[in-house]
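For reference, the structure is listed below as structure tokens.
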Amino acid sequence: MTISRSYQSIVLLFVSRLSAAALFTPSLALSTSVTHHCNSIRSSSQLRLFGSSRFRKKDKQLDHQMESAADAATQKMAQLDLSLIKKFAHKNGDALFGYIEECQVDDPNNKGSFGRFLDAGTGSHSLRWMASILHREHLLANTSNGALSSPNISMDSFTAITADENMRRRVFNEAKELGIADKGDVIIGNWNEGVGKDGTVEFGASDTSDGSKLLLEGQQFDTILADYLVGAIDGFSPYFQDLIFNRLVPHLAPGGRLYVIGLQPIPDSVNSPANIMCKIRRVRDACILLANHRCYREYPLDWIERHLQKSGLNVVQSRTYPIRYDHATMVRQINVGRSKLKLFPTKGMAAEMGKVLDDLEKESLEVTRKQADGRITLGYDYVVVAERPVDSD
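Right, dumping it as structure tokens:
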């Protein structure tokens, strides 16, 4: 739009008189800052009215840069294979993580954001779920789940811990493939370092040979996930299970939440067709021990809740999820035992144990074929929601 010189003069005159009136008229004498504000208005009015070509050029450059950045981000997303995390965009995609998302949305302290997130015992499954949070807006925009869509929840950053170097490499590589490597860190470390016999955490007094700080010393997070962590501890830090929550609590910000996922221990036997899974568990663990490896050791829900409370956390709620085993699921556990045979003390022992495992596979097939839906029910997974009091030190 073309603006006449006379109109420009009228505008400037009006602004100037308004500035002067503010100095001498009681009703307008707000402060000398009014004069400054009016002068700013006049300056900005001049820029808008006269349409400085220099500023128009800068605006165009900025717009171009923003468009280029947006295009680059779109191209980067298009190159990612997000097929492994699409299921998390559906409310029924993963029952346990879906429940955690619901709890976080309902939490008045966090209002739908996990904030700074610590995966205290990482693995591929939890990493993929974290990636689905970091890509949640994109996933929701490119899926058509309607009312069954997962909540549009967020995460600022993540730190993932593992005690196994092979797992660290695997998780880090997957983080790169999922386009989230720049959103966090994958670190190798063991939580038992720096914990005294009485359960106190000795920050600032590391007994490491190089004098380095303890794992994550001085860092706090808004949310911590312990995804089957307690059950896995026996394989890396035997007899440390009762102290793990004492070690994690200092890293949880006041008002933050700790989510514990675990498996109710499989009993030695049950008086039902599900007993086949009890037998598989016993033989699998025997194979692990004969290979000179340590078994995972799961802990029951009530044990977890007691130790969370002992560590100073409030147990907010918990939920259980019955486990349904089909033949393929049982065979996977049988194959864990088979993978250990090559490490047995003698070939003869390995051969005999191999026959036992073959018999279990046949028996599991017979049992599941007799079930209406081809599955048996035994035990359950659980999720416990614990919170650090807002007024805690």
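Just so you know, we're using the working numbering here: the sequence shown kicks off at 507 and counts up by one.
For glycine and all other residues, C-beta sits at the position ideal for the given N, C-alpha and C.
Starting from ARG758 and walking both ways along the beta strand (DSSP E), at which residues does that stretch end?
-> Per the sequence presented here, residue 758 reads as Leu, with Arg not at that position. Segment 758-769, the beta strand (DSSP E) holding LEU758.
Measure the beta-carbon distance from LEU586 to LEU684 and round it to whole angstroms, keeping in mind my assumption that it falls under 8 Å.
-> 7 Å
Around the C-beta of HIS833, are 16 or more other C-beta atoms found within 10 angstroms, so that it is buried, or is it exposed?
-> buried
ILE694 - containing beta strand (DSSP E), residue span | 690-694
Would you kindly check if the distance between the Cβ of LEU796 and the Cβ of PRO756 is under 9 Å?
-> no
Enumerate in chain order the residues of its own chain whose CB-to-CB distance from SER550 is below 6 Å, with the five nearest sequence positions on each side excluded.
-> Legend: pLDDT at SER550 = 41, less than 50; position of this residue unreliable, value from coordinates given subsequently. Nothing listed; no residue qualifies.
Excluding sequence positions up to five away, which residues of its chain have a Cβ less than 8 Å from the Cβ of ASP740?
-> GLN747, ARG800, CYS801, TYR802 and ARG803
Assuming ILE846 contacts CYS793 (C-beta within less than 8 Å), just tell me the rounded distance between them.
-> Here residue 846 turns out to be Lys, not Ile, going by the sequence shown. That pair is a contact at about 4 Å.
Selected residue, minimal CA-CA separation from ARG825, among LEU602, PHE709 and ARG675 | LEU602
Can you pull the DSSP bridge partners for THR883?
-> ARG830
Can the beta-carbon of TYR805 be found less than 9 Å from the beta-carbon of VAL736?
-> yes
Quick one: what's THR665 bridged to in DSSP?
-> LEU624 and ASP691
Pull up the distance between the alpha-carbon of ALA892 and that of LYS617, whole angstroms please.
-> 16 Å
Should ASP733 and THR883 be called a contact, given that it needs their Cβ atoms to be closer than 9 Å?
-> no
Test item: CB-CB of GLY700 and GLN726 under 9 Å | no
Using DSSP with H/G/I as helix, E/B as strand and the rest coil, what is ILE591?
-> coil
Just checking my contact of GLY621 with THR729 at CB under 8 Å: how many whole Å lie between their CB atoms?
-> 6 Å
Do the stretch 665-684 and the stretch 628-647 touch if we need at least three Cβ pairs shorter than 8 Å?
-> yes
With DSSP collapsed to three states, give me the class of ASN820.
-> strand
Do LEU731 and SER619 have their C-beta atoms within less than 9 Å of each other?
-> no
Could you check where the beta strand (DSSP E) with LEU754 kicks off and where it finishes?
-> Unbroken run through LEU754 is the alpha helix (DSSP H), 750-754; no beta strand (DSSP E).
With C-beta atoms as the reference, is GLU723 less than 9 Å away from ILE694?
-> no
Among ASN696, SER817, ASN798 and LYS593, which residue has its Cα nearest to the Cα of LEU654?
-> LYS593
Measuring CA to CA, which of MET783, ILE829 and VAL766 is closest to LYS774?
-> Checking the displayed sequence, the identity of residue 774 turns out to be Asp instead of Lys. Nearest of MET783, ILE829 and VAL766 to ASP774, Cα basis: MET783.
Identify every residue that forms a DSSP beta bridge with HIS596.
-> SER655
Distance between ASP612 and ASN648 (C-alpha atoms, nearest Å) | 25 Å
Enumerate in chain order the residues of its own chain whose CB-to-CB distance from VAL698 is below 7 Å, with the five nearest sequence positions on each side excluded.
-> In the sequence as presented, Val is not what sits at residue 698; that position holds Asn. Cβ neighbours of ASN698 beyond the five flanking positions: SER743 and PHE746.
Where the alpha helix (DSSP H) containing ASP865 begins and where it ends = 853-875
Over what stretch of residues does the beta strand (DSSP E) that includes ALA681 continue unbroken?
-> Looking at the DSSP string, ALA681 is not in any beta strand (DSSP E); the run it does join, the alpha helix (DSSP H), is 671-683.
Beta-carbon separation (whole angstroms), LEU901 vs ILE750, contact threshold 8 Å | Because the chain in this structure spans residues 507 to 899, residue 901 falls outside the shown range and cannot be described.
Inter-residue Cα distance where the pair is ASP897 and ASN798 | 47 Å
When burial is assigned at 16 or more other CB atoms within 10 Å of the CB, is ASN752 buried or exposed?
-> buried
Look at the Cβ atom of VAL766, then the Cβ atom of ILE810, and state whether they are nearer than 9 Å.
-> yes
Over the uninterrupted alpha helix (DSSP H) stretch that includes ILE639, give me the two end residues.
-> 630-640
Check whether GLU607 and ILE659 have beta carbons under 9 Å apart | yes
At which residues does the alpha helix (DSSP H) containing ILE782 begin and terminate?
-> 781-796
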